[in-house]
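Residue numbers (our numbering), protein chains in the order written: chain A, 1 to 339; chain B, 340 to 678; chain C, 679 to 1017; chain D, 1018 to 1356.
Report on the structure given below.
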C-alpha cells in the first residue's frame, strides 16, 4: 500500500474522543481522510459525517469496514465494544488504531492477541499516546542513552481536576493508571510482576464512596519499582509527571511551563486543566505516525501485546484495591509476533 | 475560493528555508500541496520537485505563477528577490506568504505597500512566525487581558550558537533583531519611534570584525521601552526570551523546558541549538493558518505594513550601530488597508 | 534562669557533629559559650577545648555536668551513649539538646521518656533540625493555614552522594529515614501506624551487600500516606525534597536553587553535596533557638516523645526491610507531659 | 586588637536601619556588643539603649566615640550626617561600618577618601551588603573562575513593592541603583565610564510626578554594558535579579524560591516583599564579617573608594535622568591605599 491518494479511514465511535479524531484526520493530519463514521446512535453518526466531505455514516462497524473506500480503522468506541470491532477488522485484514484500553479485561485482551497471531502479522496499534508525547519521548531517549545508568525507580503523578460522574474506584486503576502501566513498561523495558494499591483517606473533594486518591506500587521483572499517585479530583489542574531515578542521576518531566508571571506577591504559571490541552501534540503525532506507517504497509507503535499486558496489570491492581495487599501479575507467554 | 481540493502552492526559492516549507506543505500541512517550485539553480529546483508528486520545477517565478494549478505563492528566496516576486504575484492577484524580511530596506518595502494598496485588498502575509509560537501567543493574550496592567518595558534576549560565515554587524539588526522589532510592535501594539544600538566589546567567540553582542533599545509611541540583547555567537544554545514588565506584574517566556535531570552535582535541562528546533510548531501553525485562511479567500496575519515598519526600524538601527547614538524612526502614513 | 551572662554549655562528643556544634556555639550563636567538652578520646577533647577560651576537657560526661559553669548539655556522641548521658543530665536537672537518634532503639527511648516524666518537666530537645529549616518551616506554616485543605499524601526524596563505609541496610531506615519519620509526624501532626519497606534491585553504585535504594511507605493514624525514597549512594548530590499533596493543592520544597547558568547546551544549577551545606542555617537556628529558650528557663522543640516515636517507627521499618511486608507500629501511651 | 572580650560598638542613628543593626549585634552576631547608641532624638536613643545591657545613649556622635568602651563605630544615620561622623571616627582612629551611601554626593565622598588617605590606613567598610549575599557571592565566584569566559553584559532588575512618600525621581538612581552601581563594579571588576538613564512612561501605580520605572545603561572601562531596570512601585514584590552574559554562557541569580505550590490552576511560589526579608542573611554576614576582621585589627570589604565611585556614578546618573542622553563619569585618580 505505498500510495499517493489519502488513506481512507473508518472511525468507530463518535463520542468526545472519536469526534476529536475525526476533526484531527480531517484538519490536522496530512495523507488521510475520514471516509466512514460508525455510531450506535445513528443521528450522531450522521451529524459527524455531514461535516466531512465524502464521508458516510453507519451504525454497524462491519458495514463500514466492507466499504470500498475504507483502508484502515480507528476504534474509539467504549472499551466493551473493542473486541468485536477488532475481530471484524482482522476479517478484512485492515490496519487498526485502537484507543486504550485494548479491551476491558485480560481474558478478552488475550483473545485479541491470539486472533492477531492467527492472522500472522501485526495489524493493531494501541492508543497509548504518551509514547508520542515530546517529553516522554525525550525521557525514553535519555534512559536508552545509558547516561544516567540503569533505572531503579520511577515516580509518577497523575492528577485530574475532577472525575466524570460514572467514575468508580476501580476505574482509577483500569482507566487512569493504565497509562502509567504502559509508560512504566515502555520506559523501563520491563514487565510488571506485582501490584499493590494503597488507599489513603479519600479527599473531601472526591464524590462520596470514591477511593480517591490512591497510591500504586508496581514491581518489575527488572527489579525496579514504579510508584503512581493517582488523584482524579485534585481540583487544581491536570498534571502528568514522571521522575526516573537511575544509578547516576534522575530525570523528571511534567514540570515544563512556558509562561511565568510575577504579580501580587506570587510568581508562577498556569496548569493545564485537561488531557486534551496537555497532550494535543501527542495525539496529533500519534495519528500522523499511524497514517504514515499504514500508507507504507507497516505496523509499529504499541502492539496488541502491550494492550494485553496493561489489561492484566490493571486487573491485578483492581484486585489489590479491593482485597488489599500485594497481587502478583500473571502474563501468558509472549508470542513471537511481538518480540 | 471556498474549496474542497487542496490549495496549489508555488514555492519560490528552494534553499534551507524553502525546502523546509516544501516538506512542511507536503507532509505536515493538510489542505495544501506544492504544485511548483522555483529556483535560479535549475538543478536544485528539479531535485526538490522530483520528491513531490505532481510538482513542476521552474527558474522563473512568473512562469510558475502563470500555471493553472498554482493558487498561491510562498516566497522563500533571498530578500533582494522579494520585491519582484511580490509584484508579479500582485499581477496575478495571488495570495502570498512572504518570508521575512518583506524586502531588504524601507524604501522597497514601502513600494510593496503602495502596490498592494493599488490592488485594493490585502494579499500578503509576512513570515513573522513568532506570532504563531505558543509561548508568544500566550504572552500576547495575557497582555491583552489587562490582568497585568499597561506594559512599560519589554526585555528581550535573542541568542544563537554561532553566526553563519556571511553574517555582518548590520545583519544582527536587520536579520535577527527584526524579529524583536515585529514582536515589540505586535505584543505592545505600538509603533517604534527611535532606536539606539550599543556595542559592548565583542566576544572572543565572535568572528573577527563582527560587533557581537549588541544591545538595542527601542522606544515606542506608547512610551514603552523594549531592550534587546542580540548575541549570535553565544556558543551555548539558541534562546529566545521575553519579559514584559507591566504596571501590576511581569510575564516571562522562553525559560520553558520539558526534561530536567539531576546528575553529577548539577540539575537542569538542555537548550535548543537552533530556531528550527525551537520554533518547529510555530512554522507549522503559521503555514497551516495561511493555507486555511487562503482557502476561505481571506488574508490575515502580519501584513505588508508590518513588513515595511520592521524594515524602517531596522534601517534606523543599522544607522545607530554605524554612527552611534539614538536614531529616530520615520514612518510613512499608514494606509487604510492595514488599519 | 532569665540571665544576662552567656549560657555555659557542655558538649558531649567531639566527632564531626560535636566539633561543628562547638564551632557554632563559639562563633555563630550569641548568648552561649562552650564551657566543657567531653570525649572518650582524651586527646581529641583536649584539642577541641584548646581552641575555645575558658573551655575544659573531660572524658566523663558526669564530671563535666557537675562543673559549676555548665548550665546545659549538648549531646553529640554516638547513639548508644545517649541514654546514659541523658539520665546523668536528668540527675543534674540540666536542659539537653540531644542529637538524633534519641537512643538507638524504641525500648531505651521509652526508658528516657519515663525518666523525664519522673522529673516532672521537659528537659530534652531532640536534634530533629529539619523543624528549623526555612523551607520546612514554610511548608508547615502553609499546611497549618488550611489553604490547601487536609494533607492526603507526602512524597519525600532523601539522597546522599555516597554512604560512609560503616553504613548498613538498616541504617538507611534508622539513620536516614528517621528524619522523614519525624518530618512526617511533625508536618502532618499524625502518629505513624505501619511501615512497609520495598527493596528495588540495588544500584551498581552502592557498596556490595547494601540494599540501596529503598522505598518506604508510612501509614498514619490520620489516614495519610507518606512515601520516602532513600538513596544514599545516588552519586550526584545531597537532596532533600518533600511534596505535600492536599485536598486542594500540593506544595513542594527542596527544588530551590539560587544560581542558574546557561552554557554548552545546558541550563541549570548546582546541587548541594552534603547536609552540612544544605542545612547550615537550620543547624544554626536550632542551636540559637535552644540557647534562647534555655536562657528563659523554657524547653520547646522536638521532645523526648518525638525521639521515642521515631525510634519505634524505625524499628518497625528495619523489621519490614528484613522480613518483607507491612509492619504495624506499636506506641506506648503518650504521657501528659508531651501533650 | 586581637582580643577575647567582645568588640564594643557605637551605633550612630537609631531609625529603622540603625535599630535593626542594634538588634543584630545584640542577638545574632557573636563577638560584639552595642556599648553606645546615638540619635539626635534623645528619647529614641534612650529607648533603644534601654533594651541592651550596658549600653549608653547619646545625642552627639563625638561623645559616644570618646567613651572608653567604644572600639568601633557603625554609622546608620541619614546620608548627609555621614561625612561629619566619619571624620570624627578618623580623629579617634576607630574602625567604621558606614551604611551606604558613603555620603550624598561625589565631592563630599572624595573628601572622605582624602581624609582616610591622610590617616594612612583603611578604616572604613561601606555597607554594600550585596557583596555578602549568598547568591551574589556565588555569582562572583563563578565569574572569577573563568568558566564562562569574560563578562560582556550584566542585566539587572531591581523592584520594590512601593516607594516611601519622600522618594524622588533622582533617588531611584542615588538610593536604589546605587546598589547595582556597586554590584556592577564588584562583579565585573571594572570602573563605570558613562551612564544613560531612559524614562518610559511612568506606571499608573507610581505617585504623581515620580519617574518610575527607569531604565539605566552603565558603560564600563572594560567594554562591558550593565543595564538596570529600576521599578520602585511594581506592586507585586521585592525582586533583585542579575544575569551575567559572558563569552561562553550566562549565569542568573534572583529566581531562587524554596516553596512551590500547585493549586487552583496555577503553580508557583511567593515573592519577598521587602529587602529586610530578601537580604536578612547578607546583613547578618556583613556585620559578622566586620566584627571578626575588626577584632583581628584588619579592614576589608567595600572601601571608602567604592563608596566614592558609587557616588560619582549616581551623580552622573541623576544628570542623565534630568537632562537626557548619555553622561560620562569622571573619577579622581585612585589612591594607592585602595589598590
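Yeah, the Cβ is synthetic: ideal placement off N, Cα and C, and Gly gets one too.
CA nearest to the CA of residue 415 of chain B, picked from B/539, B/550, B/441: B/441
Cβ-based burial, residue 340 of chain B [other Cβ within 10 Å; buried from 16]: Its pLDDT being 38, under 50, residue 340 of chain B is placed unreliably by the model, and nothing is read from it.
Sequence-distant residues of its chain with Cβ nearer than 7 Å to residue 1217 of chain D (five each side left out): 1230, 1232
Interface flag, residue 953 of chain C vs chain B, CB-CB below 9 Å: So no, residue 953 of chain C is outside the interface.
Residue 1234 of chain D vs residue 1168 of chain D beta-carbon contact at 9 Å: Not in contact: residue 1234 of chain D and residue 1168 of chain D (Cβ atoms no closer than 9 Å).
Cα-Cα separation between residue 30 of chain A and residue 1226 of chain D, rounded to whole angstroms: For residue 30 of chain A and residue 1226 of chain D, the distance between alpha carbons rounds to 59 Å.
Contact set between the segment 134-152 of chain A and chain B, restricted to residues whose Cβ is under 8 Å from the partner: 134, 135, 138, 139, 142, 147, 148
Backbone CA spacing between residue 938 of chain C and residue 805 of chain C [nearest angstrom]: Spanning the alpha carbons of residue 938 of chain C and residue 805 of chain C requires a straight line of approximately 32 Å.
Segment limits, beta strand (DSSP E) that includes residue 897 of chain C: Here the beta strand (DSSP E) through residue 897 of chain C covers 892-898.
Euclidean distance between Cα positions of residue 1086 of chain D and residue 1052 of chain D: 6 Å
Rounded separation between residue 874 of chain C and residue 163 of chain A - CA only: 30 Å
Residue 369 of chain B: contacting residues in chain A (beta-carbon distance under 8 Å): 26, 27, 28, 29, 30
At least 3 beta-carbon pairs within less than 8 Å: the segment 1235-1253 of chain D vs the segment 1199-1211 of chain D: Enough Cβ pairs lie closer than 8 Å, so yes.
Reference residue 494 of chain B, options B/569, B/468, B/446, closest by Cα: B/569
Amino acids of chain A, ordered along the chain, whose beta-carbon sits closer than 7 Å to that of residue 408 of chain B: Proximity of chain A to residue 408 of chain B at the Cβ level (cut-off 7 Å) is not reached, the minimal Cβ distance being about 15 Å.
CB contact check: residue 985 of chain C to chain A, cutoff 9 Å: no
Through-space distance from residue 678 of chain B to residue 521 of chain B, alpha-carbon basis: 16 Å
Rounded straight-line distance, which links the Cα of residue 911 of chain C to that of residue 351 of chain B: 59 Å
Where the segment 530-554 of chain B meets chain D: residues whose CB sits under 7 Å from a CB there: 537, 539, 540, 542, 543, 544, 552, 554
Cα-Cα separation, residue 1020 of chain D to residue 720 of chain C: Any reading at residue 1020 of chain D must be qualified, since the residue scores a pLDDT of 43, below 50, and its modelled position is unreliable; the value itself is stated next. Rounded to the nearest angstrom, the two C-alpha atoms are 28 Å apart.
Any chain C beta carbon closer than 9 Å to residue 657 of chain B: no
Cβ-based burial, residue 1317 of chain D [other Cβ within 10 Å; buried from 16]: Answer is exposed; the Cβ neighbour count stays below 16.
Per DSSP, the bridge partner or partners of residue 601 of chain B: A/250, B/606
Contacting residues, own chain, Cβ-Cβ under 7 Å from residue 670 of chain B (five flanking each side not counted): 530, 648, 651
Three-pair Cβ contact test at 8 Å for the segment 119-137 of chain A versus the segment 317-334 of chain A: no
Cβ contact check for the segment 1289-1309 of chain D and the segment 1125-1137 of chain D: 3 or more pairs under 8 Å: no
The segment 766-777 of chain C in contact with the segment 789-802 of chain C per 3-pair CB rule at 8 Å: yes
Where the beta strand (DSSP E) through residue 1243 of chain D begins and ends: 1242-1248
Reduced DSSP secondary structure (H/G/I, E/B, other) of residue 782 of chain C: coil
C-alpha gap between residue 371 of chain B and residue 275 of chain A, whole angstroms: 29 Å
Runs of alpha helix (DSSP H) lying entirely within the segment 1041-1128 of chain D, each at least 4 residues, in chain order: 1059-1067, 1078-1083, 1099-1108
Contact set for residue 226 of chain A: own chain, Cβ-Cβ below 6 Å, skip 5 residues either direction: 154, 184, 218, listed in sequence order.
Reference residue 247 of chain A, options A/78, A/295, A/149, closest by Cα: A/149
Reduced DSSP category for residue 337 of chain A - H, G, I as helix; E, B as strand; rest coil: helix
9 Å Cβ cutoff, residue 599 of chain B in contact with chain A: yes
Minimum C-alpha distance to residue 820 of chain C - residue among D/1287, D/1112, D/1136: D/1287
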